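Sequence positions in the sequence shown follow the working numbering and run 17 to 279. Reviewing the structure listed below.
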Amino acid sequence: MFQRLARINRLRWFDNSLQLLVERSLFRKTNLQTYRFGRHEAIVDHRAADAGSIVSCLTGNMYRQFFKHIHLPSKMTLVDLGANVGGFSLLMLAQGHDIEQLLCVEFNPRTYERLRFNIRTNFDINAHIINAAVCAKEQTIQMKFNIGSTSDSIYKSSAVNNGLESTVSGYSLDTLIEKYITSDIIDLCKIDIEGAESEMLLSDESRITALSRCRYVVMEMHPIPDYKPMIEAMARHGLKVLAHEGQVDCGVHLFGNENLKTA
């Protein structure tokens, strides 16, 4: 009961909240909905976990809690790794940030299609929207994909029964940044890649340098036996923990680059 009331309360943030509530109450078989905020609109597929990206990012505190620690320039470069359907990028847009360069990377090819629509519809820039995996080295990943989940991982298929079998390319962070970002500084990089962050940071095959170009990194750290090596790896790139959600180890962390924090 309380969860349902909380969901209804979150819908009030959107300009078409009454429409959304009526559709979800009376037309339960309607899977696709459009969420409107200001002059922006985003599609959500309720068969997937899109609401976890759009509604939670835009109305929740998971990322908003860090804004008081972040000082961004008037025109910024944003990288979103594990973008889902674009909730984080849309949150930054809703906050009024002028985004000059944008790179969004999403692993699930079916989720990627909705991400592409949401970004192309709302951003008046030539954003780079890539269907790929972020990992330690270049590789090819073949997997079955369901309609979409916020927990899609390169290590395990999220498709319960049938699914779309697809081949997705995997790239290192450096490869993606070198190919798509031209600015010297990445003002904000959000990383939510469902466990692959440890591979990206700690693998013997990982030789990333792009993190040192990041002014701020917001990263969700997923459960591993020891988090200290990951914190140390970030520190080697000049990135120190400024704030974290919940536990000191797992959860969402904000890192700031000691050399680049002042915008």
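Note that CB positions come from ideal geometry on N, CA and C, so glycine has one too. This structure is a prediction, so every number in the text was calculated from the model and none was measured.
Proximity to residue i [Cα-Cα], best of the options
{"i": "Phe83", "options": "His113, Asn32, Glu57, Thr93", "result": "His113"}
{"i": "Ser174", "options": "Asn162, Leu180, Ser182, His85", "result": "Asn162"}
{"i": "Glu39", "options": "Glu215, Val60, Gly272, His56", "result": "Val60"}
{"i": "Ala67", "options": "His56, Asn47, Asp140", "result": "Asn47"}
{"i": "Ser199", "options": "Tyr171, Cys230, Ser182, Lys172", "result": "Cys230"}
{"i": "Leu118", "options": "Met92, Leu227, Lys244, Gln111", "result": "Met92"}
{"i": "Glu116", "options": "Arg132, Leu88, Thr127, Ser214", "result": "Leu88"}
{"i": "Ser214", "options": "Thr225, Val234, Asp242", "result": "Asp242"}
{"i": "Asn147", "options": "Met250, Lys153, Arg126, Asp31", "result": "Arg126"}
{"i": "Phe104", "options": "Tyr79, Asp168, Val268", "result": "Tyr79"}
{"i": "Asp190", "options": "Phe139, Asn100, Lys153", "result": "Lys153"}
{"i": "His62", "options": "Gly54, Arg44, Tyr232", "result": "Arg44"}
{"i": "Leu122", "options": "Val257, His144, Gly76, Asn138", "result": "Note that residue 122 corresponds to Glu in the displayed sequence, not to Leu. Glu122 has its Cα closest to that of His144, out of Val257, His144, Gly76, Asn138."}
{"i": "Phe53", "options": "Val257, Leu36, Glu194", "result": "Leu36"}
{"i": "Val233", "options": "His85, Ile70, Val71", "result": "His85"}
{"i": "Ser90", "options": "Cys73, Leu109, Leu74, Gly76", "result": "Leu109"}
{"i": "Cys205", "options": "Arg223, Ser228, Glu181", "result": "Ser228"}
{"i": "Ile197", "options": "Asn32, Asn142, Arg23", "result": "Asn142"}
{"i": "Glu274", "options": "Glu261, Lys256, Gly267", "result": "Lys256"}
{"i": "Ser69", "options": "Phe133, Asp140, Leu106, Ser33", "result": "Leu106"}
{"i": "Thr75", "options": "Arg55, Ile240, Phe30, Asp140", "result": "Phe30"}
{"i": "Arg23", "options": "Val71, Leu42, Gln49", "result": "Val71"}
{"i": "Leu217", "options": "Ile201, Ile240, Leu192, Pro245", "result": "Pro245"}
{"i": "Arg55", "options": "Cys73, Val268, Gln111, Leu34", "result": "Gln111"}
Three-state class that DSSP yields for residue i in the structure shown
{"i": "Ile163", "result": "coil"}
{"i": "Ser173", "result": "coil"}
{"i": "Ala149", "result": "strand"}
{"i": "Asp203", "result": "strand"}
{"i": "Arg132", "result": "helix"}
{"i": "Ile24", "result": "helix"}
{"i": "Asp168", "result": "coil"}
{"i": "Asp208", "result": "coil"}
{"i": "Asp31", "result": "coil"}
Supposed contact pair residue j and residue i - C-beta distance, whole angstroms, cut 8 Å
{"i": "Val184", "j": "Leu97", "result": "Not a contact, Cβ separation roughly 14 Å."}
{"i": "Asn124", "j": "Gly164", "result": "6 Å"}
{"i": "Glu210", "j": "His238", "result": "6 Å"}
{"i": "Asp203", "j": "Leu270", "result": "So it is not a contact: roughly 13 Å between Cβ atoms."}
{"i": "Gly102", "j": "Ile135", "result": "5 Å"}
{"i": "Thr166", "j": "Ala65", "result": "4 Å"}
{"i": "Ala212", "j": "Ile170", "result": "5 Å"}
{"i": "Met235", "j": "Ile207", "result": "4 Å"}
{"i": "Glu57", "j": "Thr137", "result": "6 Å"}
{"i": "Lys160", "j": "Glu181", "result": "5 Å"}
{"i": "Ile224", "j": "Ser188", "result": "6 Å"}
Residue(s) in a DSSP beta bridge with residue i
{"i": "Thr137", "result": "DSSP lists no partner for Thr137."}
{"i": "Thr156", "result": "Ser185"}
{"i": "Lys195", "result": "Looking at the DSSP assignment, Lys195 forms no beta bridge with any residue, so it has no partner."}
{"i": "Leu180", "result": "Phe161"}
{"i": "Gln117", "result": "Thr93"}
{"i": "Glu122", "result": "Asn147"}
Check: residue i C-beta below 8 Å from any heavy atom of the ligand ZN
{"i": "Asn124", "result": "Among the ligands in the structure shown, none appear at all, so the ligand ZN cannot be discussed."}
Cβ of residue i within 9 Å of any chain B Cβ
{"i": "Ser199", "result": "Checking the listed chains, one finds no chain B in this structure; it contains a single protein chain."}
Minimum length 4: unbroken alpha helix (DSSP H) runs contained in the segment 35-105:
Complete alpha helix (DSSP H) runs here, min 4: 66-75.
Contained beta strand (DSSP E) runs [length at least 3] in the segment 211-279, N- to C-terminal order:
The segment 211-279 contains these whole beta strand (DSSP E) runs: 230-237, 255-260, 267-273.
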